[in-house]
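Novice:
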Amino acid sequence: YSAEMNEKSMMRLGLENRLRMALQNNEFYLEYQPKQSLMDGSIVGVEALLRWQDKELGRVAPDDFIPLAEELGLIGEIGAWVMTSAARQAREWALQGLPPMQVSVNVSAQQFKRRELVQDVRWALSCAELSAELLDLEITETCVIEDLDKVIESIHQLRGLGVSISMDDFGTGYSSFALLQKLPIHTLKIDRSFISNVHCNADDAEIVRAIINLAHNLDKAVIAEGVETEDQLEFLREHGCDQVQGYLFSRP
1 YSAEMNEKSM MRLGLENRLR MALQNNEFYL EYQPKQSLMD GSIVGVEALL
51 RWQDKELGRV APDDFIPLAE ELGLIGEIGA WVMTSAARQA REWALQGLPP
101 MQVSVNVSAQ QFKRRELVQD VRWALSCAEL SAELLDLEIT ETCVIEDLDK
151 VIESIHQLRG LGVSISMDDF GTGYSSFALL QKLPIHTLKI DRSFISNVHC
201 NADDAEIVRA IINLAHNLDK AVIAEGVETE DQLEFLREHG CDQVQGYLFS
251 RP
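Numbering of the sequence shown is given in this note's numbering, commencing with residue 1 and proceeding in unit increments.
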């Protein structure tokens, strides 16, 4: 035991209590990071990123509150809010006369376990009057392997609605060719950990080349996240990556 342990426990308890009230108090908001096509340089979509501005604590980092929301069982309700809000924003951009842009929303493993996920997606599209093809759901490999059969069933139902599915952080989890064959996904998203040194590390460069080739051979698009330098961009363009996002183009 130490005084520091007690202080951390009290801080966590306080954060838990504030997080439980954050949605009710309208403290969440979304930021959007553009996705750029390497074909013509156009913005083809955005990723919706959840943010929390607490009235007393100020801005709380996503790495601090999202795992806590999952642990407390709050992520389902929060995720449904994110989906509906992002869909409404995409619809608003369309009404302003902007070209159609697909909006991507991250979906956690807990959301897949909830029976309401497909219903949440259907509700978000209905509320926003948004075309289903303009909504993309990003899942992780960890999410998939926790309950593969249920996830595949849910993905097929979501595909039936017309939304697209992307696999986020590809290459960092438990990827397998058999898994990719089973999953009806549209896009592989290369994790930023491989992109950061792609221009100076031969192993990272080979992994990225392999992922791009794998995606294209399976008739899937591929996007690289965390692009921050011209050298990284040139490498990805040279090897046929379809889309990129990162600080080189725009912060969220």
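For each residue, glycine too, the CB sits at the ideal point set by N, CA and C.
Note down, in chain order, each residue of its chain lying with its Cβ closer than 8 angstroms to the Cβ of V121, except the 5 sequence neighbours on either side.
Specialist: What you label residue 121 is simply residue 121 of the sequence shown in a count that begins at 1. M83, L135, L137, L158, L161, V163.
Novice: Report the CB separation of I195 from I211 in whole angstroms; it is logged as a contact under 8 angstroms.
Specialist: Taking the first residue of the sequence shown as 1, we reach residue 195 at position 195. Taking the first residue of the sequence shown as 1, we reach residue 211 at position 211. Not really, about 11 angstroms apart at Cβ, beyond 8 angstroms.
Novice: Spell out whether any CB of chain B is found under 9 angstroms from the CB atom of I78.
Specialist: Absent here is chain B; the protein component of the structure consists of one chain.
Novice: Determine the contact status of G246 and E228, defining contact as a CB-CB distance below 9 angstroms.
Specialist: Numbered from its first residue, the sequence shown carries residue 246 at position 246. Numbered from its first residue, the sequence shown carries residue 228 at position 228. Yes; because the gap between Cβ atoms is below 9 angstroms, this pair is in contact.
Novice: Could you give the DSSP three-state label for Q89: helix, strand or coil?
Specialist: Looking up residue 89 in the sequence shown gives position 89. Three-state DSSP puts Q89 in a helix.
Novice: Once DSSP output is grouped into helix, strand and coil, what is the label at V118?
Specialist: Reading the sequence shown from its first residue, position 118 is the one you call residue 118. The answer is helix: DSSP assigns V118 an H, G or I state.
Novice: Would G14 be called buried (16 or more neighbouring beta carbons within 10 Å of its own) or exposed?
Specialist: Within the sequence shown, the letter at position 14 stands for residue 14. G14 comes out exposed.
Novice: Which ranges would you report for the alpha helix (DSSP H) in the region 120 to 193 if only whole runs of at least 4 residues count?
Specialist: 141 to 146, 148 to 161, 177 to 182
Novice: How close, in whole Å, do the beta carbons of R51 and E70 come, if the pair is a contact with beta carbons under 8 angstroms?
Specialist: Translated into positions along the sequence shown, residue 51 becomes position 51. Translated into positions along the sequence shown, residue 70 becomes position 70. At roughly 17 angstroms, the Cβ-Cβ gap does not stay under 8 angstroms, so R51 and E70 are not in contact.
Novice: Less than 8 angstroms between C-beta atoms, sequence neighbours within five positions excluded: which residues of the same chain meet that for I223?
Specialist: Start at 1 with the first residue of the sequence shown, and residue 223 comes out as number 223. Once the five neighbours on either side are set aside, the close Cβ partners of I223 are K35, S166, T187, L188, K189, I190, C241, D242, Q243, V244, Q245.
Novice: Any idea what DSSP makes of K35, helix, strand or coil?
Specialist: Stepping through the sequence shown from its first residue, residue 35 is reached at position 35. K35: strand per DSSP, three-state reduction.
Novice: Might you give, ordered along the chain, the residues of its own chain that have their beta carbon closer than 8 angstroms to the beta carbon of G73, omitting 5 neighbours on each side?
Specialist: Here residue 73 refers to the residue found at position 73 of the sequence shown. Closer than 8 angstroms at the Cβ level, and outside the excluded window around G73, lie Q110.
Novice: Within 10 Å of its beta-carbon, does S9 have 16 or more other beta-carbons around it, so buried, or fewer, so exposed?
Specialist: Numbered from its first residue, the sequence shown carries residue 9 at position 9. Exposed, since its Cβ has fewer than 16 Cβ neighbours within 10 Å.
Novice: Note the first and the last residue of the continuous beta strand (DSSP E) segment covering R59.
Specialist: On the sequence shown, position 59 is the one that residue 59 refers to. For R59, the enclosing beta strand (DSSP E) stretches over residues 58 to 60.
Novice: Go to R209, then tell me how far its alpha helix (DSSP H) extends in each direction, as first and last residue.
Specialist: Locating residue 209 in the sequence shown gives position 209, where the first residue counts as 1. Element bounds for R209: 202 to 217.
Novice: Just tell me which of S193, K113, L130, S126 has its CA closest to the CA of I155.
Specialist: In the sequence shown, the residue the question calls residue 155 occupies position 155. That would be K113, whose Cα lies nearest to the Cα of I155.
Novice: Could you pull out every residue in the same chain whose Cβ sits closer than 7 angstroms to the Cβ of I75, ignoring the five residues on either side in sequence?
Specialist: Walking along the sequence shown from the start, residue 75 turns up at place 75. For I75, where only same-chain residues beyond five positions count, the Cβ hits under 7 angstroms are A69, S108, Q110, Q111.
Novice: Of the choices A205, I139, E77, A202, whose alpha-carbon is the least far from that of L259?
Specialist: Residue 259 is absent from the structure shown; the chain starts at 1 and stops at 252.
Novice: So A124 and A87 are supposed to be a Cβ contact under 8 angstroms. How far apart are they, rounded?
Specialist: As a working mapping, residue 124 is identified with position 124 in the sequence shown. As a working mapping, residue 87 is identified with position 87 in the sequence shown. With a Cβ gap of about 4 angstroms, A124 and A87 count as contacting.
Novice: Buried or exposed: G79, going by 16 or more other Cβ atoms within 10 Å of its Cβ?
Specialist: The residue you call residue 79 lines up with position 79 of the sequence shown. Flag for G79 reads buried.
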